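Sequence positions in the sequence shown follow the working numbering and run 110 to 184. Backbone N, C-alpha and C fix where the C-beta goes; we use that ideal spot for every residue, glycine too. Computed from a predicted structure; not experimentally measured. Scroll down for the structure; my scribbles are underneath it.
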Amino acid sequence: MRVVERAPALPEALRQALDAAETFGNAPAHCRSLIERTVNALLTVLDCMDADPDMEPEEDRGELDHLPDAEVAHA
């Protein structure tokens, strides 16, 4: 992870995510479980807000409509 962290072209969002993961790893065990439960609860809320949780954002926007469906392509 240290090698990736030092890459000069690393996007800022990825650098922040790596920093957050390192911070999370250094947190006491009781804090980590609280953070995990909080993240899981937030993901559940976001899934409930999603019209079709099985679709990727690109599909929601119709960007992939020109591609055949997997079932049709293999039939």
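Nearest-angstrom Cα separation, counted from residue j out to residue i
i, j, result
"L143", "A150", "11 Å"
"T153", "P177", "30 Å"
"A130", "H175", "38 Å"
"L127", "L155", "23 Å"
"A138", "R146", "13 Å"
Three-state secondary structure (DSSP) of residue i
i, result
"A126", "helix"
"A136", "coil"
"L176", "coil"
Within 9 Å, strictly: CB atoms of residue i and residue j
i, j, result
"R141", "F133", "yes"
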